[in-house]
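Below is one structure, written out as structure tokens; comments come after it.
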Amino acid sequence: MGPNIYLTGFSGSGKTTVGKQVAAMTGWSYRDTDDEIVAATGRAIEDIFREDGEAAFRKLERSVLESVSQDERQVVSTGGGIVVDERNRRTMEATGIIVCLEARADTIYRRVSGPEETHDEQAVRPLLQDSDPLRRILSLKAERQAVYALAHWTVHTDDLSITEAASEVVRARDICSNRANSRQTHDADLAATVHTSSGDYPVWVGWGLSHTVGERVKTLLDPGAAYVITDNFVHRHARTVQMSMEAAGIPSHIFVMESGERHKSLDTLLHIYRWLAERKAERRHVVVAVGGGVVGDVAGYAAATYLRGMPVVQAPTTLVAMMDAAVGGKAAVDLPQGKIL
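Here the sequence shown is numbered in the working numbering, starting from 734 and rising by one per residue.
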């Protein structure tokens, strides 16, 4: 993945305006493949379509993209149909990240036909010169949607300002660059690194990772001991995690709580506090939550409050826990008056 940002998406998705803003925010140069074609041929885009046909235009477009891709640190706005050609996609994938700017058909129609659209901007959309442009947008967008979806990242621009959309593109660049770097260091399971005001932490996603938790924890901490909290449904997975801790030289203990929402309570929390105290848990030790959302909430809350805070590792075993309970450090228990209080 090279150091360029390629903006793809349907005509009217905001590639030009957002691209210029991204270039201003990053200090990178800005290029537009349509502008490059005009500069190289001395002809307007609509003239090429009308006189030579779409096939001739696509050939010029491919040649221009290959030339532009030789440079680095660029924000490149591309034509709406450039991704249809697999050769173009390979060129962009090899030399940068592809960010698709997405928008609904009605949003696109409003943008390309509204008063803010100048005559010159309308002129470079020859495929939308139709007696029923909204119908044409729906049809053409549907044809291309599958290849738009192959981008490294997608930003939905319907309700975003230009600055907000550009900020999302810059964020996409940073995230995708981190992913690429992790793969270069042979950690293909590192899905993301989350940056917070109190520190950064990695997120690993993969198959069979419970066998590797010990070594992964050891690369981040020197905990001295680990306290694995689980429930009676997934105890065997927690045992795998415990063995991985022991193999990494980290003494570990398991607390098995009853499963179910009704056990996400202060009573369960009190049992965990006593269990940690009996084992002389220290602040430099680590709590590991192995289970669904209930386990993640209870273990996370225990880690956050015992000894005024201990490190915690979330090892979610359900899809909901992966998508919700294990994200963002959320932790709480239920009271008779309400849940997650």
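Ideal Cβ positions, reconstructed from N, Cα and C, are used throughout, including at glycine.
Collapsed DSSP secondary structure at residue i in the structure displayed
i: Val1073; result: Rather than Val, the amino acid found at residue 1073 in this sequence is Ile. Reduced to three states, the DSSP call for Ile1073 is coil.
i: Ala856; result: Per-residue confidence for Ala856 stands at a pLDDT of 40, beneath the threshold of 50, marking its modelled position as unreliable; the derived number appears in the next sentence. Ala856: helix per DSSP, three-state reduction.
i: Met990; result: strand
i: Ser930; result: coil
i: Val880; result: helix
i: Val902; result: helix
i: Gln917; result: The pLDDT assigned to Gln917 is 47, lower than 50, so where the model puts this residue is not dependable; a value taken from the coordinates is nonetheless given after this. Correct three-state label for Gln917: helix.
i: Thr851; result: Here Thr851 scores only 38 on pLDDT, less than 50, and its place in the model is too uncertain to base an answer on.
i: Gly775; result: coil
i: Arg764; result: strand
i: Gly1024; result: strand
i: Ser744; result: coil
i: Val1053; result: helix
i: Leu873; result: helix
i: Ser910; result: helix
i: Ile770; result: helix
i: Leu867; result: helix
i: Val1066; result: coil
i: Val1060; result: coil
Residue nearest to residue i in terms of C-alpha spacing, selected from the options
i: Asp818; options: Val927, Ile781, Arg877, His944; result: Arg877
i: Arg868; options: Ala879, Ile841, Tyr881; result: Ile841
i: Ser872; options: Ala971, Asp891, Ala838, Val880; result: Ala838
i: Ala1035; options: Asn821, Tyr960, Ala757, Thr749; result: Tyr960
i: Arg820; options: Leu1040, Glu805, Ile831, Arg795; result: Arg795
i: His970; options: Tyr1006, Arg823, Asp955, Thr945; result: Thr945
i: Lys951; options: Ser910, Ser977, Glu799; result: Ser977
i: Trp886; options: Glu897, Ser894, Val902, Ile895; result: Val902
i: Ala898; options: Val1066, Gly1042, Met758; result: Met758
i: Lys997; options: Gly982, Arg1012, Ala1032; result: Ala1032
i: Asp1067; options: Val1019, Asp1000, Glu1011; result: Asp1000
i: Met825; options: Pro866, Ser810, Asp865; result: Ser810
i: Lys1013; options: Ser985, Val989, Ala836, Arg791; result: Ser985
Start-to-end residues for the beta strand (DSSP E) that takes in residue i
i: Ile831; result: 830-835
i: Ser739; result: Rather than Ser, the amino acid found at residue 739 in this sequence is Tyr. Residues 737-741.
i: Val1046; result: 1045-1049
For residue i, the first and last residue of its enclosing alpha helix (DSSP H)
i: Arg1007; result: 999-1011
i: Thr887; result: Here Thr887 belongs to no alpha helix (DSSP H); instead the beta strand (DSSP E) covers 886-889.
i: Val755; result: 748-759
*asked:* Could you check whether the stretch 962-973 touches the stretch 918-937, counting it as contact only if at least three pairs of C-beta atoms, one from each stretch, sit closer than 8 Å?
replied: no
*Specify whether the stretch 1049-1062 and the stretch 1018-1026 touch according to this definition: at least 3 beta carbon pairs, one from each stretch, less than 8 Å apart.*
yes
*At which residue ranges does the stretch 922-980 contain complete beta strand (DSSP E) runs of 3 or more residues, listed in the order of the chain?*
923-929, 932-937, 959-964
*Taking only runs that begin and end inside the stretch 778-845, name each unbroken beta strand (DSSP E) of 3 or more residues, in chain order.*
807-810, 830-835
*Between the stretch 984-993 and the stretch 924-931, are three or more C-beta pairs nearer than 8 Å?*
no
*For the stretch 772-785 and the stretch 734-751, state whether three or more C-beta atom pairs, one from each stretch, are separated by less than 8 Å.*
no
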